[in-house]
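In our numbering, the protein residues as written are 152 to 1201. Ideal Cβ placement from N, Cα and C applies to all residues, glycine included. First up is the structure itself, then whatever we jot down about it.
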């Protein structure tokens, strides 16, 4: 061992030599055959820890800081600690602390500021005493400032005690000095790798490199860009991305080491101790440039000097105050740039072999510094050991992790039940969010160092693997313990304002634990977790949303299913499970969590929106009643509590309702509207509303008389004489001169014929886009507004009469009806080429947009063969599209197509539509759901079509021709099957109630097999001749389908 620096009180233990300043390394005389493990330096004393756990001290003993009677330069063993195996020592200005292998702390020396943590304030304690307050904890690390101490426990709890004049204990405002260890709650949940104390400032470092500082900041030693003291831990944001792995503090300066071997320093620089070639203070972390060429693996700070060790050359560099020889350069002056410590140094990799003077070289193992002195453990070349690397974190010294090894150890402990203490330790760790948060880091390419509000830095696969292992029967005792810990401690203690994003990983980890999916634990684990998530403050809540946006869709879907399951469980057991108050708070938590997930999903589209549907709701809840409650609540009516069974209306969470439930709401809404119109606004008697029969009996239908020869005119006339309320009634259509039996077929025919007429290209009401097979309003057309109004009404009526109409509008139309702004994606759907070229404009990487695209703020439109140029904004033809305004151009372009150019036609259409279908109820729909209500959807289930088919005439399900028909049909490709649907029902989409609601009818006919099958679209009826072979049937059917013109514009 070598040492240098100030030895006025004998403390670098050189023996009787009275030289006070040792300006260059000298061999340490005191222990020849014993291995030193650690050295701690106080203000004027030193503590030596040997490999075998014995502790020796020397130096000044005015406050008992040596822990034995003698004083002076010869190290003496502390007898009082002989019974303990000590693993770590630390010193303050004049007190000392030792940590035993059992995780217990002993302290001695000056205690006037409470820095011994013994709960009593004593001027001097001359014999080491146990800090009893920490007995329940397994302590892993301790660090001393001049008059305060920091300690980290295995379960991630962090304690401080001693002087607090500058807030260095991190306990918040106006907190006096503390004579016993106090828990720093503001770092709860963060998995800590290291704690470090300076003169009167403190630091904690997380496993993923987040640095937190607090306490005295008069020289900027906290790195927070100012010189204001802090009473609570503050995140040093400037170091977040640097992958910090180790921190060392001097009296008023700080040095940090990064994973790549870089060194940053900040704080007091008056002696040059920052190494920036100046004597200035630095309030921001700044890289020591002179060390950039080499990788540093160890750093140590003394009171006003700093050391760095470079393993590749074996050299130690020192900078800062040198007046007492503490730099080891052989001089006693200050140095403001890293300078090599004097001596023969070599790296541990055999470059000395064969050199005659090899024995003169020292190979560094570990550097220690404190006060004004430095010690180096080194070895000779023959049996040299590699130097310690402060960057490979020593796992035994930081927050306990939960992994395969620890699980097996704990399982043994719990089986042996040898001491309540060891069981207690296991429970503490399992109940600690910090331990879980640090256990599943994404180690690939150091990904976890990038933990941020955008990235959780966690490997959820390893979480799953570990949890699956725990579900093994051999771990049943441990599993019980985990369940208890989660329920009683971990979840209830989750904070609403976590100190850092690293403390939030727990919210991603817990749902992976299989018992959360088990309804047995819904009330004790799953729902309390939802409540904890909903308690989060705005910012952490946003962070969780960001993280949910990043997770894989499988994880996201599991989370959605988990809380859907909880809703069904609560609704199924509402009468038996819970008292109503609890029921309502639990169900609200589950629904609000689903709502939060749904909002995330709307942004990132992890899963289809129908994955949020809870189909069981229709059978578990009276939807009509729920809708009424919601409606009245929205209308601001106070409903009497006797009526309100529970305060939760599910309609406030419309995304959980499937199409059938929403259809039910539409009907309820229609009935409600009629009732309100007829009985005036007297809504108080709510349940009158549910008995609507008498009202409908008077004129139960909306009857339209029309002539086939003048369909549009008659429809306009008939619909204009009916009131808005009548429009919500079931529709019956009577064609002039035909018998009036409308079992739905005639109505359907009316819709098909009317739309075919209205969409006729000669009227130019709509433009057809062949590329997407979609229609959009024309910007020039020559019909009355009321034609558009009529089409709107027809679309509305189609919804209320559950008729699928074959209207090929883009999603943008349904978005507009629901007040959602159409965007570029909608243009891509309507006009793919146009959409793609606008996307190319946005994605274009070059600067030369004007030359490449030659665009200005105009749009070219063709009508009746004439091309016109229209301005997108005022004076648009004089404004060029450039890099900085291209987003505005695209927005204006999309806005022109979907809003500006068609404003008057669309307004007429939407007025008509909303006349039938307006009101609160529309708020419950997504644009895609509204589209499905009008034009059906494409969730084809062909087997269901066959199962629900009805047979007439000679046919039955087992008739040979029918068998041949279905075999042929099922063999068709998808496109052909869709064409068959169009041929038979007038639309290739299916009603919202699913395939079975089509109820197609197949009847036998007497015509020969040279005839084609005939479809009666209005009744979904197929006349199928009895063909003799499958080939003939197939050929005739294909011929019939391909000839079908249909009621479509194309």
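For the pair residue 220 and residue 277, the Cα-to-Cα distance works out to about 8 Å. If you look at residue 1093, you'll find it in the alpha helix (DSSP H) that goes 1093-1098. Counting only residues of its own chain and dropping the five nearest sequence neighbours on each side, residue 677 has a CB closer than 7 Å to the CB of 667, 713, 717. Beta-bridge annotation (DSSP): residue 1102 is paired with 1153. Bridge pairing for residue 615: absent [DSSP]. C-alpha of residue 637 to C-alpha of residue 158: approximately 54 Å in a straight line. Under the DSSP assignment, residue 940 falls outside any beta strand (DSSP E), being part of the alpha helix (DSSP H) whose first and last residues are 936-951.
Going by beta carbons, residue 660 and residue 587 fall inside the 8 Å limit. With at least 16 other beta carbons inside 10 angstroms of its own, residue 1030 counts as buried. In the DSSP assignment, residue 714 falls within the unbroken alpha helix (DSSP H) covering 704-723. The shortest C-alpha to C-alpha distance from residue 1148 to any of 650, 527, 1088 is the one to 1088. Put simply, of 805, 431, 403 the residue whose alpha carbon is nearest the alpha carbon of residue 769 is 805.
Measuring C-alpha to C-alpha distances from residue 314 to each of 268, 628, 293 identifies 268 as the nearest. In the three-state scheme derived from DSSP, where H, G and I count as helix and E and B as strand, residue 249 is classed as strand. The beta carbons of residue 802 and residue 777 sit closer together than 8 Å. Residue 1033 has its alpha-carbon roughly 47 Å from the corresponding atom of residue 1142. If you look at residue 363, you'll find it in the beta strand (DSSP E) that goes 362-366. Straight-line spacing of the CA atoms in residue 725 and residue 685 works out to 22 Å.
Judged by DSSP secondary structure, residue 391 falls outside any beta strand (DSSP E); it is assigned neither H nor E. DSSP lists no bridge partner for residue 179. Unbroken beta strand (DSSP E) runs of no fewer than 3 residues, entirely contained in the stretch 280-327, are found at 290-295, 299-304, 309-313, following chain order. Look at the beta carbons and you see the stretch 1145-1163 not touching the stretch 977-994: under three pairs across the two are nearer than 8 Å. Around the Cβ of residue 730, a 10 Å sphere holds fewer than 16 other Cβ atoms; the residue is exposed. Runs of the alpha helix (DSSP H) lying entirely within the stretch 507-594 and spanning at least 4 residues, in chain order: 555-567, 571-581, 584-588. The three-state reading of DSSP puts residue 876 in coil, since its state is none of H, G, I, E or B.
The C-beta distance from residue 1044 to residue 1133 rounds to 33 Å, too long to fall under 8 Å, and the pair is not in contact.
In the DSSP assignment, the residues bridged to residue 1019 are 1012. Burial of residue 490 is indicated by the presence of at least 16 other C-beta atoms within 10 angstroms of its C-beta.
Here the stretch 245-255 lies against the stretch 188-198, with 3 or more beta-carbon pairs under 8 Å apart.
Residue 226 is positioned such that its CB atom lies no closer than 8 Å to that of residue 213. Here residue 813 has 1075, 1076, 1080 as same chain residues with Cβ atoms under 7 Å from its own Cβ, once five neighbours each way along the sequence are excluded. Between the stretch 521-529 and the stretch 427-443, the count of Cβ pairs shorter than 8 Å is below three; the stretches do not touch. For the pair residue 228 and residue 619, the Cα-to-Cα distance works out to about 51 Å. Residue 240 is a Cβ neighbour of residue 249, given a cutoff of 8 Å. In this structure, the beta-carbon distance from residue 578 to residue 564 does not fall below 8 Å.
DSSP, reduced to helix, strand and coil, places residue 603 outside both helices and strands of the structure shown, so it counts as coil.
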